[in-house]
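Here is the structure we will look at, set down as structure tokens.
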Amino acid sequence: SAFPCSTPRPFMTPPLYPPPPIVPPSPPSHPPSPPGPEATALDISLIVAVLLAALLLQQALKSTRIASQVVTGSGLCMLLGAGVNLLLFFFSQQSADLLPVAGQLSLDTEASGSLAHDVIYFGLLPPIIFEAGFHMRKRTFFANFFTIAGYAVGGTLIALLTTGSLVYLLSSASATSTRFTLAQAMVFGSLISSTDPVATLGILKHVRAAPLLHDLIFGESALNDALSIVLFNVFFAYTKSPLADQSDAGVARAIGWVLTDVLRALAGSVSLGLALALACAYLTRRLKALHGTPRAASHALELALLLGFALLAFTFSERCGVSGVMALFFCAVAMRHYTYYNLSKVAQHSASVLFTTLSEVSEASLAVLLGVAAVDYVVKGHPA
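Its first residue numbered 1, the sequence shown is counted upward by one per residue in this note's numbering.
As structure tokens, then:
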């Protein structure tokens, strides 16, 4: 034939490879177990002990004239918190057996940071705001309301615009390590535009200043705190919105958006706070008419209604997107004017003592937490 037959190739066997080694299955990874009841009990005991020490130090400071002229009660509590946190950090570095739970309540992780924010904002801040409105001399406040509002709004805006503009100009000139947008600079300005009048009121009391000056500063500080928080929330939300651009049109839209949101938050907060305070006044009046004579059971119910409606004013306003601080403040003012006189004598005295106690404990706790946060930032190398 034309094509010769090719010789068939021999059969090729595949090469033999050694079998793969048998790898034992790795044990499943488990998340770290939460602290047991013993660790939780130790944490709570430490917190309560530090809080008691802070309250006792504040009381001792009030009875010492020389020391009270050097440091305030809040400053002393901050030093206490910083010292305790330094000791915990030192012992946790030396031996884990000495303090097995040292540092477990640190504020550096995302979960504990969120928990700390909720504790501060929903647990410690409301008693302070409510007590300020509940025990304020409302006759002087409303008689000088426009003067107080002018000081609060004007002073807050001056501090906000001055500080925010200065930070933005320094950032634009590359004088800061971080570049800030105008909205971010205003967030910082609104954050520090809130003033603490404790030292100022202490000096006025020491020099026996006119009561009107004391009332003006106290009323301005109450509205200043609420307005600063409203402005902070508005500017912080604006930094995450699509309107946050640096064009002229974006700035014009931003000004209108911020003003509209601030006015909406103020009007909604005041309306909700007054509405819930009037509802509480109506219920306590009906309760008084139903019982006729004061009873031991009604005393507890009256206090529960005050606490419940006050907390509802704060939380419901936050849920509606307005300022819970402003709503709680005006709710407290209205409760003092209407609800307070529907209570029995025992409930009136108990409410006054209860709200003062909660406010003092919350203020001491906040000051201690500031000291703890300062140590977290410096020693541990990250913001708390």
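Ideal Cβ positions, reconstructed from N, Cα and C, are used throughout, including at glycine. These numbers come from a predicted model, not from an experiment.
Residue i vs residue j beta-carbon contact at 7 Å
i, j, result
"E220", "I148", "yes"
"G324", "F314", "yes"
"V84", "V50", "yes"
"T284", "T339", "yes"
"A41", "V368", "no"
"V258", "V234", "yes"
"C331", "A265", "no"
"S365", "L88", "no"
"A334", "L274", "yes"
"L80", "L61", "no"
"G371", "A82", "yes"
"K138", "H349", "no"
"L86", "V375", "yes"
"D215", "T140", "yes"
"L272", "S317", "yes"
"L213", "A152", "no"
"A310", "F130", "yes"
"A185", "G164", "yes"
Residue i (DSSP reduced to helix, strand or coil)
i, result
"N144", "coil"
"C77", "helix"
"G321", "coil"
"M136", "coil"
"F309", "helix"
"A373", "helix"
"S221", "helix"
"V71", "coil"
"F316", "helix"
"K389", "In the structure displayed, the chain extends from 1 to 384; residue 389 sits before or after that span and is not available."
"S177", "coil"
"V379", "coil"
"T109", "At T109 the pLDDT is 44, less than 50, meaning the model places this residue with poor confidence and gives no usable figure here."
"S344", "coil"
"R264", "helix"
"S63", "coil"
"S194", "coil"
"A49", "helix"
"A39", "helix"
"R286", "helix"
"A159", "helix"
"H208", "The residue asked about is misnamed: residue 208 is Arg in this sequence, not His. Coil at R208, not helix or strand."
"A96", "The predicted model places A96 with a pLDDT of 48, which falls under 50 and marks its position as unreliable; any figure quoted below should be read in that light. Correct three-state label for A96: coil."
Rounded C-alpha distance that separates residue i from residue j
i, j, result
"L354", "Y238", "38 Å"
"G73", "L160", "27 Å"
"G154", "F145", "14 Å"
"L305", "D225", "26 Å"
"G308", "V187", "32 Å"
"E360", "L56", "12 Å"
"S352", "L166", "43 Å"
"L290", "Y377", "56 Å"
"L303", "L182", "46 Å"
"M136", "F236", "31 Å"
"D410", "A143", "Past the boundaries of the shown model lies residue 410; the chain is included only from 1 to 384, so the question cannot be answered."
"V270", "F329", "9 Å"
"S362", "T178", "34 Å"
With 16 other Cβ atoms within 10 Å as the buried cut-off, status of residue i
i, result
"Q58", "buried"
"A327", "buried"
"Y168", "buried"
"P37", "exposed"
"L170", "exposed"
"P126", "buried"
"T156", "buried"
"A300", "exposed"
"I158", "exposed"
"V70", "exposed"
"F90", "exposed"
"L263", "exposed"
Closer than 6 Å: residue i CB and nearest the ligand FAD heavy atom
i, result
"L274", "As for the ligand FAD, it is missing from this structure, which has no ligand bound."
CB contact below 7 Å: residue i versus chain E
i, result
"S171", "The structure shown has no chain E; it contains just one protein chain."
Legend entry - Contact between the stretch 115-135 and the stretch 185-195 (3+ Cβ pairs under 8 Å): no
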